[in-house]
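Here the sequence shown is numbered in numbering that gives the first Met the number 0, starting from 0 and rising by one per residue.
Let me begin by presenting the structure, written as structure tokens, before commenting on it.
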Amino acid sequence: MIIGLLVLGGLGALCGFGLALAAKVFYVYVDPKIEAVTEALPGANCGGCGFAGCGANAEAIVKGKSSASSCVAGGPDVAAAIAAVLGVSIGAREPDFARPGCTYGVQDADLKFLYDGVWDCRAAVLLGGGSKVCPIGCVGLGTCARACPFDALSMGSDNLPVVDLAKCTGCGTCERICPKNIITLTSNSRRIGREYTLDQCTAPCQRSCPAGIEIPVYIRKIREGDPLGAVEVIKETNPFPLVCGRICVHPCEYECRRSLVDEPVAINYLKRYAADYEMKSGKRVQIPRAPETGKRVAVIGGGAEGLTSAYFINRLGHDAVVYEGSPRLGGLLRTGLAENRLPQDVLDWEINGILDAGVQAKTNQKLGKEFTVESLLEEGFQAVFVATGGWDTQMSEREREQALPGVQLLLDFILKQRAGKKPGLGKHVMILGGGRAALEAARECIKEGAKSVRIVMRKSRDQAAEEELAEAEQEGIRFHFQSALTMMMGEGSALTEVEVVRPSPEGTEEQTKTIPVDTLLTGAGRFPELIYVPRKVESEEGGPEQGVIRWETLTPYPSPFAVEDIGIFRPGEATSDYKAVVEAIGAGRRAANSVHKFLTGIPVEAPVRMIRKTTEVLTVREIEPVTPSRRVEMPEISEERRVADPNAEIATGYSQEQALEESKRCLQCGLICYRRMEGRQAQVQ
């Protein structure tokens, strides 16, 4: 008995000694901060942070490879707890949420076959891309809903995923698991910055809208009796629904699929109805603002483009200040339209809504007199966007002084020369485009003593008259063919050099040249839409140089109208005033997004596979069965009233009943799907 106890006791002591030795030999130090952060994390292991589980993210957070707010599932409370462990402060973070992008489920869509197999979307798409004819349509088997770790997704009666925004954490599990990529993460900022791509389910009307409005969505809101919700959808990309509802040229209606049966839906009249409802209700509809960044942006020009860019810059979390040379904001909307088309009180309501959102405006501030680009950068603005308008604007404001560093309109230069005046001219001149007028100006520059004169053209040498070119080259004029100006650089109020790029054939590098230039003459009828930003230049000691404002320019990313992507004044985009206010609004939103990308360190580029005006998009040429119905006409005041009060607004707008009737005509189109008015079964093709 005693011997047995001694043996067992000896074995226990030996094992204890072995374990103690093993603990010492194989000891792995665990940072107590990592343990504390791991405990603070929710343990969902959803992967939304970009790491393989909460443990890996905790280690990355402590090592500084991930932020304290990187856990999308935990939200602000978890971020605050982690920040307390680390002893750091965190800024507010805009939440992401999942958003399905398909319009019709399998029971309402055209089908290639009936699928009867493994109940998983990833398996179904292995068979010819899935059962739907639409190549990007939701398969409808609910893989995303089953994968959601927070039960925020379910499958609706239409076999499309439904998101519970109260539960959705924006972890991205559904986005990663969807084989069709039709459910994606979005946010208010992303929706402001969206451009339609070939990967998305889009209707013909919304693709043709220069402002990028989700037209089927806001019409559905009207049909559901929610006009204020419709206004919120519109204002995600257009802060001027009242104005556009009255004067827009509505290119969307020319693409309306309903016109294949009878008449297009009155898209613009419905927009006006929703916007009028907002104004009459007295309730301001504002889209949510992203968390404040503390960054300041100046916008030069208080017309439609400038105000639009300022509004969205503000909504993206930055502080925007508009500088306008005239006493009142509005530009050509204020001075170029009759009262009976666009009443001043309507325009004022729209502009006041932008100011109420937090945009500051300074009127009677002329560029070159009360301020300069240099002075704005010196005040601490991180970016300055120029939206001074085109030739029509210049003609309506004859006393306006333009003072962009080193930039002049070619037409102004020639007119002054012919009038015997001598416009300011530097020693190194560059002319953008302009044809024969450019040659005339180049010769004048040489006569005035310019040391170098260059003409930049997008066309090739073969497209120009060789005799004229040879003669000009003998006179000392240099040409850059198939090239574009991409950047200007300067110091203070002076332009010093530019960057010119000649695109090379695919697979080869672009040819980029930095050329000394102090005077730039633009052959277009407008000043370029540029974003001026500070340029960091290191001193000889290695730190940033003090006491001098150095700057460079960025160009907003290409619009869907651009034929080429490089440089300013891209072919296909406006070279004078915009043909319609909705185009100026679209340009203003893209400028705001470009500024936001720069301020947040994102490359200023158009999204991959963005739909252009020339892009061939899958669509249908015939629709059936759809019951024809007449378009609701816009009510107007009587002829007697027009004579008695010439300023009275002619179109009076839809009533609620008329708006509901017209909204029901909308087919709620997707890429190739649409709402059949008489009901139908899915077609097997």
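Backbone N, C-alpha and C fix where the C-beta goes; we use that ideal spot for every residue, glycine too.
Report the three-state DSSP secondary structure of residue i (helix, strand or coil).
i    : result
S451 : strand
R629 : coil
R92  : coil
K159 : In the sequence as displayed, the identity of residue 159 is Leu instead of Lys. Three-state DSSP puts L159 in coil, outside helix and strand.
G330 : coil
P290 : coil
I1   : helix
Q655 : helix
V321 : strand
S153 : strand
Y114 : coil
I567 : coil
R283 : coil
M278 : helix
F50  : coil
F597 : helix
F16  : helix
E231 : helix
E498 : strand
Quick check: the Cα distance between residue i and residue j, rounded to an integer number of angstroms?
i    : j    : result
D163 : S374 : 49 Å
N44  : G129 : 30 Å
I636 : Y268 : 16 Å
C170 : R435 : 58 Å
Y556 : V383 : 16 Å
T651 : R629 : 20 Å
K111 : K131 : 6 Å
T307 : S186 : 20 Å
A57  : E174 : 23 Å
H427 : T518 : 6 Å
A605 : R611 : 11 Å
A687 : V77  : The structure shown does not extend to residue 687, since the chain is modelled only from 0 to 684, so the question has no answer here.
P98  : P160 : According to the sequence as given, residue 98 is Arg; it is not Pro. Near 9 Å, if we compare the C-alpha coordinates of P160 and R98.
E396 : F96  : Residue confidence for E396 is low, a pLDDT of 48 falling below 50, so the modelled location carries little weight and cannot support an answer.
F149 : G52  : 15 Å
E378 : F478 : 38 Å
G475 : C668 : 59 Å
A583 : R314 : 18 Å
V497 : P527 : 14 Å
E47  : S558 : Note on residue identity: the sequence assigns Gly, not Glu, to residue 47. About 32 Å.
L598 : L346 : 31 Å
I246 : V499 : 39 Å
Skipping 5 residues on each side, what residues in its chain have a beta carbon closer than 6 Å to that of residue i?
i    : result
A709 : Given that the chain is displayed from residue 0 to residue 684, the structure contains no residue 709 and the question cannot be resolved.
Q481 : S459, R501
Y217 : A229, V232, I233
G571 : F560, A561, V562
G566 : A483, L484, T485
A469 : none
M686 : Because the chain spans 0 through 684 in this model, residue 686 falls outside it and cannot be assessed.
Tell me, to the nearest whole angstrom, how far the beta carbon of residue i is from that of residue j; I am working on the premise that it is less than 8 Å.
i    : j    : result
G489 : G432 : With 8 Å as the limit, G489 and G432 do not qualify as a contact, their Cβ atoms being about 21 Å apart.
L529 : S593 : Not a contact, Cβ separation roughly 10 Å.
K361 : V298 : About 10 Å; that fails the 8 Å criterion.
P240 : S207 : P240 to S207, Cβ: 17 Å. No contact.
D133 : A151 : The residue asked about is misnamed: residue 133 is Cys in this sequence, not Asp. Between A151 and C133 the Cβ distance is about 25 Å, and since that is not below 8 Å, they are no contact.
G100 : D157 : Their Cβ separation, rounded to whole angstroms, is 14 Å, which puts G100 and D157 out of contact at 8 Å.
G300 : T236 : Not confirmed; about 20 Å, so no contact.
H595 : I286 : Actually they are not in contact, since the Cβ atoms of H595 and I286 sit about 14 Å apart, beyond 8 Å.
A289 : G316 : 4 Å
T724 : C672 : Outside the displayed range of the chain (0 to 684) lies residue 724, so it cannot be described from this structure.
G73  : P41  : 5 Å
Ordered along the chain, which non-local residues of its own chain (more than five positions away) have a Cβ less than 7 Å from that of residue i?
i    : result
I135 : K179, I181, D198, C200, L670
S492 : T371, E373, P404
A437 : L409, I430, I454, G522
D119 : L140, T142
F412 : P422, A440, L520
R257 : P263, V264, R664, L666
E398 : Any reading at E398 is ruled out, since the residue's pLDDT is 47, under 50, leaving its predicted position unreliable.
E213 : Q205, V232
I81  : V36, A39, I60, A67
Can you confirm whether residue i, when its beta carbon is compared against all beta carbons of chain C, has any partner nearer than 9 Å?
i    : result
E213 : The displayed structure is made up of one protein chain only, and chain C is not part of it.
Looking only at its own chain, which residues have a Cβ that is under 8 Å from the Cβ of residue i, when we skip the five neighbours before and after it?
i    : result
K32  : V61, V84, L85
L659 : I221, R222, G224
Checklist entry - Counting Cβ pairs, one atom from each stretch, are 3 or more of them under 8 Å apart for the segment 410-430 and the segment 332-341? => result no
Item to check | Touch test, the segment 254-265 against the segment 338-348, Cβ-Cβ under 8 Å, three pairs minimum | outcome: no
Checklist entry - Taking one C-beta from the segment 281-291 and one from the segment 612-621 each time, how about it: are there three or more such pairs within less than 8 Å? => result no
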